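Data first, discussion second: the structure below is written as structure tokens.
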Amino acid sequence: MARVVILGAGISGHTAALYLRRFLDTSHEVVVVSPNSNWNWIPSNIWVGVGKMTTKQVTFPLAPVYRRKGIDFRQALAVGLYPEGDQTSTKPFVEIIHTSKKEKDRLERLHYDYLINATGPKLNFAATPGLGPDANTLSVCTPDHATKTAGEFEKIIEALAKGDPKTLVIGVGHGTCTCEGAAFEYAFNVEHELRNRGVRELATVIYLTNEFELGDFGVGGMEFVQNGFVTTSKMWTESLFRERGVKAILGAHVEQVDEGVLTYEQLDGSKLTLSFDFAMLLPPFRGVDLRAYDQGGDDITSEIFAPNGFMKVDADYTSRTFDDWNASDWPSTYQSQKYENVFGVGIAFAPPHPISRPRTSPNGTVISPAPPRTGMPSGVMGKTVARSIADRINLGEDAPLHKASMAKMGAACIASAGAGIKNGTAAAMTMYPVVPDYQRFPGSGRDSKGTSGEIGLGGHWVKLMLHYLFIYKAKALPGWYRIPE
Ligand SMILES: Cc1cc2nc3c(=O)[nH]c(=O)nc-3n(C[C@H](O)[C@H](O)[C@H](O)COP(=O)(O)OP(=O)(O)OC[C@H]3O[C@@H](n4cnc5c(N)ncnc54)[C@H](O)[C@@H]3O)c2cc1C
Numbered sequence: 040m041a042r043v044v045i046l047g048a049g050i051s052g053h054t055a056a057l058y059l060r061r062f063l064d065t066s067h068e069v070v071v072v073s074p075n076s077n078w079n080w081i082p083s084n085i086w087v088g089v090g091k092m093t094t095k096q097v098t099f100p101l102a103p104v105y106r107r108k109g110i111d112f113r114q115a116l117a118v119g120l121y122p123e124g125d126q127t128s129t130k131p132f133v134e135i136i137h138t139s140k141k142e143k144d145r146l147e148r149l150h151y152d153y154l155i156n157a158t159g160p161k162l163n164f165a166a167t168p169g170l171g172p173d174a175n176t177l178s179v180c181t182p183d184h185a186t187k188t189a190g191e192f193e194k195i196i197e198a199l200a201k202g203d204p205k206t207l208v209i210g211v212g213h214g215t216c217t218c219e220g221a222a223f224e225y226a227f228n229v230e231h232e233l234r235n236r237g238v239r240e241l242a243t244v245i246y247l248t249n250e251f252e253l254g255d256f257g258v259g260g261m262e263f264v265q266n267g268f269v270t271t272s273k274m275w276t277e278s279l280f281r282e283r284g285v286k287a288i289l290g291a292h293v294e295q296v297d298e299g300v301l302t303y304e305q306l307d308g309s310k311l312t313l314s315f316d317f318a319m320l321l322p323p324f325r326g327v328d329l330r331a332y333d334q335g336g337d338d339i340t341s342e343i344f345a346p347n348g349f350m351k352v353d354a355d356y357t358s359r360t361f362d363d364w365n366a367s368d369w370p371s372t373y374q375s376q377k378y379e380n381v382f383g384v385g386i387a388f389a390p391p392h393p394i395s396r397p398r399t400s401p402n403g404t405v406i407s408p409a410p411p412r413t414g415m416p417s418g419v420m421g422k423t424v425a426r427s428i429a430d431r432i433n434l435g436e437d438a439p440l441h442k443a444s445m446a447k448m449g450a451a452c453i454a455s456a457g458a459g460i461k462n463g464t465a466a467a468m469t470m471y472p473v474v475p476d477y478q479r480f481p482g483s484g485r486d487s488k489g490t491s492g493e494i495g496l497g498g499h500w501v502k503l504m505l506h507y508l509f510i511y512k513a514k515a516l517p518g519w520y521r522i523p524e
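So for the sequence shown, our numbering puts the first residue at 40; every next one is plus one.
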């Protein structure tokens, strides 16, 4: 009998758990450890943040799903990793602290044969003084954050309706943030809602980003052929900004946020301030606070995790310049470099290098997007690692690992630009591969046939359909595994 422990019940961990249960017979245990009782379809938090959906519509309780599927669920936070066991036993284990009301703060040791780290990001608001919903800005990263943001947005709408001009700043709260696509989505949903409510005129909407140019999205932008002409995500995004009257501040690192005013540095080294009435700024991400120890109890966190807290896997982490980086540096099996039975997937694995060209201001401040690990690749990684572990349990320890490199994987991303069955819009993008491969595809690094972009009402319908489809899949309802990641 083998036990597989999965840390995290987000897109990656939950996908891995459901597939493992499908691939393994019931003599083997699948255990999920996650601090929240609910699953959250994070992409739809954008709609919660403009009051178009409620927390209930984007979440559901995990325990009944896991009970039905025969998955053991511990509502807990993993805090310590002991991949060699300790002085009393060589059996690897993870130390967890329970978070449910019933068992709050109970410490437990959970032994494992295989471990998947799918803990996603730590929302690192602390990197920027004054950033975050406990300080001077808002967020849509969790349903609670998004609900609070929707309440503040409503107050702005009421003030605008009374003839009071307002400035809304939406974007990223640090020079090294990722997830620019989500900030872009929220900006355009806000703009759309202001128009819907008839209060757009007195509102100034500003998109503040660390991207060097619009349409970068942390993936170095995209180039595709449309009606026989080569176009770029930059041109296409710029035209949307012009059409909707959204201003953009590019290449910006938010240094500090005080009440109603933020200070930022730009790539040319200038430092400026911006006053706001409403600011939704995403935080930078780092790995969660998980420490690792060897059998003697010595701290080996730096051997297993990169300095940014993400887990080192089968990538090439050699330090090189941007032009010397290779698509093959990217990991494909997500196996830990140090322990064969440990894997890191989704946002939890350490990317070997940025995808967008790194840029630094004359003051030495890094201002460029970190590489995104969006929903589709995160789900694919979870499924791939589930296959590898199931094969090793079912066929033997030498069974080859399955592979899914982001440099060989395509992804589709639909960025909502305003919700509404009749007047909604969304930008639908596909890219192949996610990580550009300049040797295989000289020029843009991507296949122009597998890379596309289109904006329109159809995109909104697809985004809405995906909301229901992915929640259906995550609930493991009949045929769930037929829905692709
Ligand atoms: C506002 C927003 C909008 C987005 N929109 C899109 C979109 O439209 N399309 C898209 O493709 N992607 C989108 N993304 C990105 C997408 O949400 C991520 O790619 C995806 O959630 C990553 O999956 P994950 O499993 O790695 O992490 P997560 O989904 O964040 O899951 C991490 C899990 O680990 C748990 N955890 C944390 N710490 C611990 C610990 N110590 N022990 C145990 N468990 C722990 C968490 O509670 C959570 O359950 C968006 C992100 C944001 C923030």
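Where a beta carbon is used, it is the ideal one built from N, C-alpha and C, also for glycine. Note that the structure is predicted; figures quoted are calculated from it, not measured.
| query | Which same chain residues, not among the five before or five after M445, have their C-beta less than 6 angstroms away from its C-beta? | reply | W369, P416, V473, V474
| message | In the DSSP assignment, the alpha helix (DSSP H) including G497 goes from what residue to what residue? | response | 496-513
Review point. Can you tell me the Cα-Cα spacing of G212 and T167, whole angstroms?
Key: 7 angstroms
Compute the Euclidean distance between the alpha carbons of S76 and T312, then round it to the nearest angstrom. 40 angstroms
**Asked** For T182 versus N84, is the C-beta spacing smaller than 8 angstroms?
**Response** Looking at the sequence itself, residue 182 is Pro, so the reference to Thr does not match. Closer than 8 angstroms, so yes.
N- and C-terminal bounds of the beta strand (DSSP E) containing I245:
242-247
Report all residues from its chain with a CB closer than 8 angstroms to the CB of A345; omit the five preceding and five following residues, and keep chain order. G326, K351, Y356, A389
> Buried or exposed: where does S128 fall if 16 or more other Cβ atoms within 10 Å of its Cβ makes it buried?
Replying inline: exposed
Using 8 angstroms as the threshold, is the segment 130-148 in touch with the segment 288-303, meaning 3 or more CB pairs across them?
no
query = Which first and last residues belong to the alpha helix (DSSP H) in which L101 is found?
reply = 101-108
For this session: Just mark S375 as buried or exposed, buried being the case when its beta carbon has 16 or more other beta carbons within 10 Å.
Result: buried
Counting only runs that start and end within the segment 412-473, where is the beta strand (DSSP E) found for 3 or more residues in a row?
450-455, 465-470
(request) Ignore the nearest five residues each way along the sequence and tell me which others in I522's own chain have a CB closer than 8 angstroms to its CB. (result) L508, F509, Y511, K512
**OP:** If I'm right that T404 touches G214 with Cβ under 8 angstroms, what's the distance once you round it to whole angstroms?
**Re:** 6 angstroms
- Have a look at G308 and G210 and give me their C-alpha separation to the nearest angstrom. 19 angstroms
**Prompt:** Is there at least one non-hydrogen atom of ligand 1 closer than 7 angstroms to the beta-carbon of S417?
**Reply:** yes
Check your understanding: Taking buried to mean at least 16 other C-beta atoms within 10 Å of its own C-beta, is N433 buried or exposed?
Key -> exposed
For G212, does the three-state DSSP call read helix, strand or coil?
coil
Indicate, with yes or no, if ligand 1 has a heavy atom lying under 7 angstroms from the CB of G159. yes
DSSP state of K205 mapped onto helix, strand, coil: strand
**Report entry** Proximity test, N75 beta-carbon vs ligand 1 heavy atom, cut-off 7 angstroms
**Finding:** yes
Does the Cβ of A200 have 16 or more other Cβ atoms within 10 Å, making it buried, or fewer, making it exposed?
exposed
_G109 beta carbon less than 8 angstroms from that of T65_ = yes
**Item:** CB of K273 within 8 angstroms of CB of G260, strictly
**Value:** yes
Using 7 angstroms as the cut-off, classify the Cβ of S179 as near or not near the heavy atoms of ligand 1, replying yes or no. Per the sequence shown, residue 179 should be read as Val rather than Ser. Within the cutoff, so yes.
Check your understanding: The beta strand (DSSP E) spanning G195 covers which residue range?
Key -> Sequence inspection shows Ile at residue 195; the Gly mentioned does not correspond to that position. Counting along the chain, I195 falls outside any beta strand (DSSP E), though it belongs to the alpha helix (DSSP H) covering 182-200.
### Query
G257 and P408: beta carbons closer than 8 angstroms?
yes
For this session: Please indicate yes or no: does the CB of G267 lie closer than 7 angstroms to some heavy atom of ligand 1?
Result: no
*Is the segment 82-102 touching the segment 214-234 in the sense that three or more CB pairs, one from each, lie closer than 8 angstroms?*
yes
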